[in-house]
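Notes to accompany the following structure.
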Amino acid sequence: MVMIRIGIMDRETEYVTRLCAYLNRYGKGIWSVSAFTEKEALMRYMSDKRLDMAVATDSDVLMQMKDTFSDRCYVLLSEEREHKSVGTSEKKIYMIYRYQSARLIGEALRDIVEYLGMLMKADKKSAVIYSPVGRCGKTTLAMGFVRAAAGEKWLYVGMEDYSGKWDYSGNDEEGGRGIGADKEIYRDAPGGIITEDFIYYLKERDEKAVLGVISRCGGILASAFSLFDTRLVDREDMKWFFEVFEKVVEYRGVIIDMGTGILKDINVLSEFKYIIVPYINNSISLAKKKQFEELVVAYELGGIRDRIKYIEMSGEGLVQELRKLLA
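Heads up, the sequence shown is in the working numbering, so the first residue is -18 and it goes up one at a time.
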């Protein structure tokens, strides 16, 4: 299980220190709690994505942080037993009465964490972007979507045949710092992490290690150097991964960029809630698209036909179109 990282801020050093010490004992294995007395320090931790939840006694501070970091959870330690809601429905801040025992605060905080966990589990999304058409721009589209996913974080998992050279800072021009055969460059890429490690842990059913890779990757698991390793991933692996991914609080969904040479078993697509198939509007591309549609029928995968969404890779606004399809 991925522990939730909580920061609690109050200007009374003794109060916040003792409260955090108790909550770390109370919620051992569920969360890790850090104490703050200054807003600036808490903001730095939020900016560095080192916290999933902020708790404070100042509602103005929480509202300011929620405006800046809208994908986190916020809890107000209120001085009122009976209080009105803070913020609009889109900017809801949960509230706990401050002047009660640390045990009761812990119980209330755990209720909020469990409630949010249930919401995230029910609303967690899985998408695969796959195309029978080569060089149609699907990787660029998937990466663009992950970078531009405002208000919610998505995990990108590369399962391409060949990773080529990809600059994870956003510049894929020739000569840019890319991802290729040099594993040291690969490992040092911003946000990138060697996916061979991830695939090994996946095949070994090592939940702790898989969650550890996800927590360190910065939202991007680059395609593995060896396509032969990636091709070992089967339908049961994918099913297990999605069960584990439900426990990840940080991400709203995962998008898997799957190459044509990786998909050994078309039944793997059945494990995804969304199947995105980009294509190009020319005769060869359209013929391949038609063949893919016929394969879905031939393999009696009629149940996934409603989940398949086609995107013509021309014109502007492709990322926005993908966002609408995954909404």
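We treat Cβ as the ideally placed atom computed from N, Cα and C, and that holds for glycine.
#1: Since Asn248 contacts Glu293 with CB under 8 Å, what's their CB separation in whole angstroms?
#2: Span of the alpha helix (DSSP H) holding Val42?
#3: Please state the DSSP three-state secondary structure of Phe17.
#4: Residues in the same chain with beta-carbon distance under 7 Å from Asp246, minus the five sequence neighbours each way, listed in chain order, please.
#5: Could you give the distance in angstroms between the alpha-carbon of Glu61 and the alpha-carbon of Lys228?
#6: Please check the pair Leu97 and Tyr232, which I expect to be a contact at CB under 8 Å, by giving their CB distance rounded to whole angstroms.
#7: Can you find the residues in the same chain that come closer than 8 Å, C-beta to C-beta, to Cys117, ignoring five residues on each side of it along the sequence?
#8: Val214 by DSSP, collapsed to three states: which one?
#9: Here's a check: name, in chain order, each residue in its chain whose Cβ is nearer than 7 Å to the Cβ of Ala123, leaving out the five neighbours to either side.
#10: Quick one: residues in its chain with C-beta nearer than 7 Å to the C-beta of Ala190, no 5 flanking neighbours on either side, listed in chain order?
#11: Going by DSSP, what residue range makes up the alpha helix (DSSP H) through Leu0?
#12: With 16 other CB atoms within 10 Å as the buried threshold, where does Ser112 fall?
#13: So what's Ala108 in DSSP terms, helix, strand or just coil?
#14: Which stretch, first to last residue, makes up the alpha helix (DSSP H) that contains Glu188?
#15: Taking only the alpha-carbon atoms, compute the straight-line gap between Ile289 and Ala203 and give it to the nearest angstrom.
#16: Using alpha carbons as the reference points, say which of Thr241, Glu185 and Ile(-15) lies closest to Gly115.
#17: With burial defined as no fewer than 16 other Cβ atoms inside 10 Å of the residue's Cβ, what is the status of Phe273: buried or exposed?
#18: Within a Cβ cutoff of 8 Å, which residues of the same chain sit near Phe222, ignoring the five residues on either side of it in sequence?
#19: Between the alpha carbons of Gly157 and Thr121, how many angstroms are there, rounded?
#20: By a C-beta neighbour count over all protein chains shown, 10 Å radius and 16 as the cutoff for buried, is Gly(-12) buried or exposed?
#21: Bridge partners for Glu293 per DSSP, in chain order?
#22: With DSSP run on the structure shown, which of helix, strand or coil describes Asp29?
#23: Measure the C-alpha to C-alpha separation of Asp163 and Ser207 and round it to an integer number of angstroms.
#24: Report the rounded CA-to-CA distance for Lys79 versus Ala205, giving the unit in angstroms.
#25: With distances taken between CB atoms, is the gap from Ile86 to Tyr75 smaller than 7 Å?
#26: Alpha carbon to alpha carbon, how far is Ala268 from Tyr55? Give it in angstroms, no decimals.
#27: Go to Ala37, then tell me how far its alpha helix (DSSP H) extends in each direction, as first and last residue.
#28: Could you check what DSSP says for Arg91 in three-state terms: helix, strand or coil?
#29: Suppose you measure from the CA of Tyr7 to the CA of Leu244; what does that come to, to the nearest Å?
#30: Please look up how many angstroms separate the CB atoms of Gly200 and Ser107, rounded, as I've assumed it's under 8 Å.
#31: Can you give me the Cβ contacts of Glu302 inside the same chain, cut-off strictly under 7 Å, excluding the 5 residues immediately before and after it?
#32: Let me confirm a value: Lys334 is counted as buried when at least 16 other C-beta atoms fall within 10 Å, else exposed. Which label applies?
#33: Closest Cβ-Cβ distance between Ala89 and chain D: below 7 Å?
#34: From this set, Met34, Arg(-1) and Ser59, which residue's C-alpha is nearest Asp52's C-alpha?
In short, the structure shows the following:
#1: For the purposes of this step, residue 248 is taken as residue 267 along the sequence shown, with counting starting at 1. For the purposes of this step, residue 293 is taken as residue 312 along the sequence shown, with counting starting at 1. Their Cβ separation, rounded to whole angstroms, is 26 Å, which puts Asn248 and Glu293 out of contact at 8 Å.
#2: Translated into positions along the sequence shown, residue 42 becomes position 61. Per DSSP, the unbroken alpha helix (DSSP H) holding Val42 starts and ends at Ser40 to Thr49.
#3: Here the question's residue 17 lines up with position 36 in the sequence shown. Shown here, Phe17 sits in a strand according to DSSP, grouped into three states.
#4: By 1-based counting over the sequence shown, the position of residue 246 is 265. The residues are Asp215 and Arg216.
#5: For the purposes of this step, residue 61 is identified with residue 80 of the sequence shown, where counting begins at 1. For the purposes of this step, residue 228 is identified with residue 247 of the sequence shown, where counting begins at 1. Rounded to whole angstroms, Glu61 to Lys228 spans 33 Å at the Cα level.
#6: Along the sequence shown, read from residue 1 onward, the residue named residue 97 stands at position 116. Along the sequence shown, read from residue 1 onward, the residue named residue 232 stands at position 251. By a beta-carbon distance limit of 8 Å, Leu97 does not contact Tyr232. Their separation comes to about 13 Å.
#7: For the purposes of this step, residue 117 is identified with residue 136 of the sequence shown, where counting begins at 1. Answer for Cys117: Pro259, Tyr260, Ile261, Ser266 and Met294, listed in chain order.
#8: The residue you call residue 214 lines up with position 233 of the sequence shown. In the structure shown, Val214 falls within a coil segment according to DSSP collapsed to helix, strand and coil.
#9: In the sequence shown, counting from the first residue as 1, residue 123 sits at position 142. By the criterion of a C-beta distance shorter than 7 Å, Ala123 is surrounded in its chain by Ile110, Tyr137, Ile236 and Asp238, once the five residues flanking it on both sides are discounted.
#10: Here residue 190 refers to the residue found at position 209 when the sequence shown is read from its first residue. Contacts found: Tyr182.
#11: Indexing the sequence shown from 1 puts residue 0 at position 19. Residues Thr(-6) to Tyr7.
#12: Here residue 112 is taken as the residue at index 131 of the sequence shown, counted from 1. The residue is buried, with at least 16 neighbouring Cβ atoms inside 10 Å.
#13: Here residue 108 refers to the residue found at position 127 when the sequence shown is read from its first residue. Assignment of Ala108 by DSSP, reduced to helix, strand and coil, places it in the strand class.
#14: The residue given as residue 188 occupies position 207 in the sequence shown. That run of the alpha helix (DSSP H) goes Glu188 to Arg197.
#15: Here residue 289 refers to the residue found at position 308 when the sequence shown is read from its first residue. Here residue 203 refers to the residue found at position 222 when the sequence shown is read from its first residue. Spanning the two alpha carbons is a distance of roughly 24 Å.
#16: Residue numbering aside, residue 115 sits at position 134 when the sequence shown is read from its first letter. Among Thr241, Glu185 and Ile(-15), the Cα nearest to that of Gly115 is on Thr241.
#17: Counting from one through the sequence shown, the residue named residue 273 turns up at place 292. When all chains shown are included, Phe273 counts as buried.
#18: Position 241 of the sequence shown holds residue 222. Same-chain partners within the cutoff: Leu183 and Val191.
#19: Indexing the sequence shown from 1 puts residue 157 at position 176. Indexing the sequence shown from 1 puts residue 121 at position 140. With a pLDDT of only 32 at Gly157, under the threshold of 50, the placement of this residue in the model should not be trusted; the figure read from the coordinates follows. Rounded to the nearest angstrom, the two C-alpha atoms are 15 Å apart.
#20: For this step, residue -12 is matched to residue 7 along the sequence shown. By the 10 Å Cβ count, Gly(-12) comes out buried.
#21: Stepping through the sequence shown from its first residue, residue 293 is reached at position 312. In the DSSP output, where bridge partners are listed per residue, Glu293 has Tyr260.
#22: Taking the sequence shown and counting its residues from 1, one reaches residue 29 at position 48. Coil, per DSSP.
#23: Locating residue 163 in the sequence shown gives position 182, counting from the first residue. Locating residue 207 in the sequence shown gives position 226, counting from the first residue. Residue placement at Asp163 cannot be trusted, given a pLDDT of 34 that sits under 50; what the coordinates show is reported in the next sentence. Near 12 Å, if we compare the C-alpha coordinates of Ser207 and Asp163.
#24: Your numbering for residue 79 matches position 98 in the sequence shown. Your numbering for residue 205 matches position 224 in the sequence shown. Looking at the sequence itself, residue 79 is Arg, so the reference to Lys does not match. Those two C-alpha atoms are separated by around 49 Å.
#25: Taking the sequence shown and counting its residues from 1, one reaches residue 86 at position 105. Taking the sequence shown and counting its residues from 1, one reaches residue 75 at position 94. No, the pair does not count as a contact, with Cβ atoms beyond the cut-off.
#26: Your numbering for residue 55 matches position 74 in the sequence shown. Your numbering for residue 268 matches position 287 in the sequence shown. Rounded to the nearest angstrom, the two C-alpha atoms are 51 Å apart.
#27: Here residue 37 refers to the residue found at position 56 of the sequence shown. Looking at the DSSP string, Ala37 is not in any alpha helix (DSSP H); the run it does join, the beta strand (DSSP E), is Met34 to Ala37.
#28: As a first step, residue 91 is located in the sequence shown; it is residue number 110 there, counting from the start. For Arg91, the secondary structure class from DSSP, reduced to helix, strand or coil, is helix.
#29: As a working note, residue 7 is residue 26 in the sequence shown. As a working note, residue 244 is residue 263 in the sequence shown. Roughly 45 Å separates the two Cα atoms.
#30: Your numbering for residue 200 matches position 219 in the sequence shown. Your numbering for residue 107 matches position 126 in the sequence shown. At roughly 15 Å, the Cβ-Cβ gap does not stay under 8 Å, so Gly200 and Ser107 are not in contact.
#31: As a position in the sequence shown, residue 302 is number 321, starting the count at 1. Scanning its chain for C-beta atoms nearer than 7 Å, with the 5 sequence neighbours on each side dropped, one finds around Glu302 the residues Ile292, in chain order.
#32: Given a span of -18 to 308 for the chain in the structure shown, any question on residue 334 remains unanswerable.
#33: In summary, chain D is missing from the structure at hand, where a single protein chain is found.
#34: Stepping through the sequence shown from its first residue, residue 52 is reached at position 71. Answer by Cα proximity: Met34.
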